[in-house]
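Chemist:
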Amino acid sequence: MKENTIVRYFEENNGILNMVPIFVPRRFGNAGRRLRLHPHDYYALGTKRGSIKERWFSSVITAMNGELAAPDEGMSYVNIDNNVENKILFKDFVDTLKEDILGKDLYNKFGTWPMYSKFFDYEGPLFHHLHLDFESAARVGKLGKPEAYYYPPQYNNYPGKFPHTYFGLNPSVSKEEVRERLLNYENEDIRITELSRAYRIELGTGWYTPPGVLHAPGSYLTYEPQWNSDVNSVYENITDGEIYDSSFLYENCPEDKMGDVDYVLSLLDWEKNVDPYYKKKYFRAPIVLEDNEDYTEKLIVYGNEYIEAKELTIKPGREAVIKDETAYGAILVQGYGYFGHHKCSTPSMLRFGQLSEDEFFVSYDAASKGVRIKNESKFEPLVMLKHYPYMEKNGDKK
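Sequential numbering of the sequence shown, starting at 2, is according to the working numbering.
Shown next as structure tokens:
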């Protein structure tokens, strides 16, 4: 029965899915309150879960979020008939439709939708941490996690408490200096960011963060395309006055490596962390791909072999047929109009559990044929962010 509903919806909507908003709490940090969620709903899942600080897009995986998390927390759903009770998991669409939704090349390579994106929204800075590479993650039955950041102006009406991001370590820092700090993880404030370097966040730009690189994200709301993984090691024990015990440092270590500082140090990609040209290699200014009377398209995540993203702006009163070479997820950040035959609009405010018209997933066939996108405002641009896995093209060797 569910499979029939999936196929019928997919065909009736020409391969374009309207997604249900998915909000995720985190037990650490304070909410930045820029997710356009109703002010009363930031603790909608209970105070023990912490406040809601993330919204996930195009996700077929669950959040690594503690014992109290629901079994589907972080997983995307499709709005079938404008009744939220009848929503169906996006993963069920992928598992049922396979190459019909993802395209033959992507499905044959990955067997699933291999990435997701999110908004993360913290009032203060996040802890200095790394994500495991694929080899290290495999030792605990998980995938490595490359990720990228983009800072949309439309969702950043204020900068939070610390709009600067630390990346890596100062080039002069030694492994022994880092080791000495980690040995005192439960004894004192180890002030690990004294060994790092911070960059002030520039709205409308972004960064690529490889696995194994330490980073402490700043307090702007961030759009974050990433691989299908939620796996890290936290090197900072006190951040913005909040204490993190050693379980955060060792939570993704094999059983026989728990408490082993040297093993945790081996998770670092040392050369990337101390690269004196880190910004030159990993800062991502947008690249304009097209700019005409109807629309502007920019590449905002690029320069890696895992993930890409674009920003598309349809100009006031204009429309365009936009073609892409892969299936993709999309989230509106400004404006209203039509996305294919779906009405689309950027919300002013959402209640927890409410449906919306701002998030979509576009199948391979629909993307390759082109989606007609219309801006119905006379004055305001229609702006969306589009995320998808990188697929090598002819002559393209990243």
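Each residue gets a CB set at the ideal place from its N, CA and C atoms; glycine is no exception.
Quick caveat: nothing in here was measured; it's all calculated off a predicted structure.
(1) Could you tell me whether the Cβ atoms of Val334 and Ile374 are closer together than 9 Å?
(2) Is Leu18 helix, strand or coil when you go by DSSP?
(3) For the alpha helix (DSSP H) that Arg182 lies in, which residues bound it at each end?
(4) By DSSP, does His165 sit in helix, in strand, or in coil?
(5) Report yes if the C-beta distance between Tyr200 and Phe128 is below 9 Å; otherwise report no.
(6) Using 10 angstroms around the beta-carbon of Phe380, count the other beta-carbons present and answer buried if the total reaches 16, otherwise exposed.
(7) How many Å lie between Arg28 and His165 at the Cα?
(8) Comparing alpha-carbon positions, which option in His132, Gly336, Ser364 and Asp366 lies nearest Glu358?
(9) Once you ignore the five residues that flank Gly169 on each side, which residues in its own chain have a CB closer than 8 Å to its CB?
(10) Since Ile308 contacts Met116 with CB under 8 Å, what's their CB separation in whole angstroms?
(11) Cutting at 6 Å between CB atoms, please list the residues of its own chain near Asn233, excluding the five before and the five after it.
(12) For Leu238, which residues of its own chain have a beta-carbon under 6 Å away from its beta-carbon, when the five flanking residues on both sides are left out?
(13) Give every residue of the same chain whose Cβ lies closer than 8 Å to the Cβ of His41, excluding the five residues on either side of it in the sequence, and list them in chain order.
(14) Starting from Ala149, follow its DSSP beta bridges and name the residues at the other end.
(15) What are the boundary residues of the beta strand (DSSP E) that includes Arg201?
(16) Could you tell me the distance, in whole angstroms, from the CA atom of Pro390 to the CA atom of Ile17?
(17) So is Asp400 buried or exposed if we call it buried at 16+ other beta carbons inside 10 Å?
(18) Counting only C-beta atoms, is Asn229 closer than 9 Å to chain C at any point?
(19) Among residues of its own chain, excluding the 5 on either side of Leu383, which ones have a beta-carbon nearer than 6 Å to its beta-carbon?
(20) Could you say which of Val363, Leu222, Thr6 and Gly330 lies nearest to Ser59 if we only look at CA atoms?
(21) Could you spell out where the beta strand (DSSP E) holding Val322 opens and where it closes?
(22) May I have the straight-line CA-CA distance separating Val363 from Ile102, to the nearest angstrom?
(23) Say whether the segment 62 to 72 touches the segment 290 to 299, bearing in mind that this needs 3 or more beta-carbon pairs closer than 8 Å, one atom from each stretch.
(24) Pull up the DSSP beta-bridge partners for Asn376, would you.
(25) Would you list the residues sitting across from Gln355 in a DSSP beta bridge?
(26) Does the beta-carbon of His388 have 16 or more other beta-carbons within 10 angstroms, so that it is buried, or is it exposed?
(27) Quick one: measure Cβ to Cβ for Tyr403 and Gly207, integer angstroms, because I've assumed they're closer than 8 Å.
(28) Looking at the structure shown, is Ala1 part of a helix, part of a strand, or coil, going by DSSP?
(29) Taking contact to mean 3 or more Cβ pairs, one atom from each stretch, closer than 8 Å, check whether the segment 19 to 39 and the segment 337 to 357 are in contact.
(30) Can you give me the Cβ contacts of Glu100 inside the same chain, cut-off strictly under 7 Å, excluding the 5 residues immediately before and after it?
(31) Would Glu95 pass as a contact of Glu360 if the rule is Cβ separation under 9 Å?
(32) Count the other C-beta atoms from every protein chain shown that fall within 10 angstroms of the C-beta of Lys394, then say buried if there are 16 or more, exposed otherwise.
(33) Would you report the Cα separation of Glu181 and Phe163, rounded to the nearest angstrom?
(34) What residues in its chain sit with their C-beta under 7 Å from that of Pro317, if we drop five residues either side in the sequence?
(35) For Lys282, which of helix, strand or coil comes out of DSSP?
(36) Expressed to the nearest angstrom, what Euclidean distance is found between the alpha-carbon atoms of Thr194 and Tyr167?
Modeler: This is what the structure gives:
(1) no
(2) strand
(3) Lys176 to Leu184
(4) strand
(5) no
(6) exposed
(7) 22 Å
(8) Gly336
(9) Ser197, Arg198, Val214, Leu215, His216, Lys273, Asn274, Val275, Asp276 and Tyr279
(10) 5 Å
(11) His130 and His132
(12) In the sequence as displayed, the identity of residue 238 is Asn instead of Leu. So the list reads Tyr186, Ile191 and Tyr245, once near-sequence residues are dropped.
(13) none
(14) Tyr209
(15) Ala199 to Arg201
(16) 18 Å
(17) The question about residue 400 has no answer, for the chain in this structure spans 2 to 399.
(18) Of the chains in the structure shown, none is chain C; there is only one protein chain.
(19) Ile315, Gly336, Gly338 and Asn376
(20) Gly330
(21) Glu320 to Ile323
(22) 8 Å
(23) no
(24) Gly338
(25) Partner(s): none; Gln355 has no beta bridge.
(26) buried
(27) Because the chain is modelled from 2 through 399, residue 403 falls outside the range shown and cannot be assessed.
(28) In the structure as shown, the chain begins at 2 and stops at 399. Residue 1 is therefore absent and cannot be evaluated.
(29) yes
(30) Tyr108
(31) A small fix is needed here, since residue 95 is Val in this sequence, not Glu. No; because the gap between Cβ atoms is not below 9 Å, this pair is not in contact.
(32) exposed
(33) 27 Å
(34) Asn376, Ser378, Lys379, Phe380, Glu381 and Pro382
(35) helix
(36) 7 Å
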